[in-house]
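K.L.:
If you scroll down you'll find the structure; I have some questions about it.
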Amino acid sequence: MGDDEKKSAPPEKNKLTPKQVADLFADDIGTWRCKGKSHFIGVDPNTGLPRKPVDEDMFMTIRWKVEGKSTEALFTVKINNKDVSFVGLKEYDAKQGVFIWRLKGEGLREGYTRQTYDLKTKTYHGRTNYPDGAKEFDTFQIINKNKRLFETQVKKNGKVTFWRKATFTRVTQDQPDDGN
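This is the structure in structure tokens:
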């Protein structure tokens, strides 16, 4: 048997090795500044005027939940002019080859997104289905160790009802720096 035949088989398409998953999680650990815009499409019920995009600026701290296997994200956003704290848990389902991102906001029901990861483009592709029939599609692209781009869009009955675009910039890195 030649050397090539002794090597383990490559992972199935769209499935990641445990090391790839652990490395992706490790690269997220730290505090991130998230700046961007969001827009609920439609009319503001209080004013009767069309809603406008809103500037957003927040910080997200990502830490290990179980080292190498899952992370926890903590952040606060404004909803209806009130600060709402969120906790997100991200883990990898090796059988399905998807990341599961569970999100729970204070006073809100839990939601979850299923994400695949494209190694070539360094991009997560997510999908969320809501009880009212709306569907959310997002991308989260790793530009480099300290920058990510996030875009999401919610559609209901074929029409966009919400979108968000944000740039994530690392503020602190709570892990050893390996020089990359």
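In the working numbering, the protein residues as written are -17 to 162.
Ideal placement from N, C-alpha and C gives every residue a C-beta, glycine not left out.
If you're wondering where the values come from, they're calculated on a predicted model, not measured in any experiment.
#1: Let me confirm a value: A76 is counted as buried when at least 16 other C-beta atoms fall within 10 Å, else exposed. Which label applies?
#2: Take V142 as the anchor and find which of V48, K117, P32 and D26 has the nearest alpha-carbon.
#3: Thinking just about the alpha-carbon of each residue, which of L(-2), H21, L6 and P113 is nearest to the one in F144?
#4: Could you have a look at D114 and say whether DSSP puts it in helix, strand or coil?
#5: Assuming E38 contacts K19 under a Cβ cut-off of 8 angstroms, what Cβ separation, rounded to an integer in Å, is found between them?
#6: Which same chain residues end up closer than 8 angstroms to R33 when comparing Cβ atoms and leaving out the 5 residues on each side of it in sequence?
#7: In the DSSP output, which residue or residues are listed as bridge partners for D120?
#8: Out of G87, Y99 and V36, which has the shortest C-alpha to C-alpha gap to D65?
P.N.:
According to the data block:
#1: Working through the sequence shown from its first residue, we reach residue 76 at position 94. A76 is exposed by the Cβ-count criterion.
#2: Counting from 1 along the sequence shown, the entry for residue 142 is found at position 160. Comparing Cα-Cα distances from V142 to each of V48, K117, P32 and D26, the minimum goes to K117.
#3: As a first step, residue 144 must be located in the sequence shown, where it is residue number 162. Ranking the options by Cα distance to F144, first place goes to H21.
#4: Position 132 of the sequence shown, counting from 1, holds the residue named residue 114. Three-state DSSP puts D114 in coil, outside helix and strand.
#5: Here residue 38 corresponds to residue number 56 of the sequence shown, with the count starting at 1. Here residue 19 corresponds to residue number 37 of the sequence shown, with the count starting at 1. Confirmed, about 6 angstroms.
#6: Here residue 33 refers to the residue found at position 51 when the sequence shown is read from its first residue. Cβ neighbours of R33 beyond the five flanking positions: H21, F22, I23, G24, V25 and D26.
#7: Position 138 of the sequence shown holds residue 120. Its beta-bridge partners are G108 and T134.
#8: Position 83 of the sequence shown, counted from the first residue, corresponds to residue 65. That would be G87, whose Cα lies nearest to the Cα of D65.
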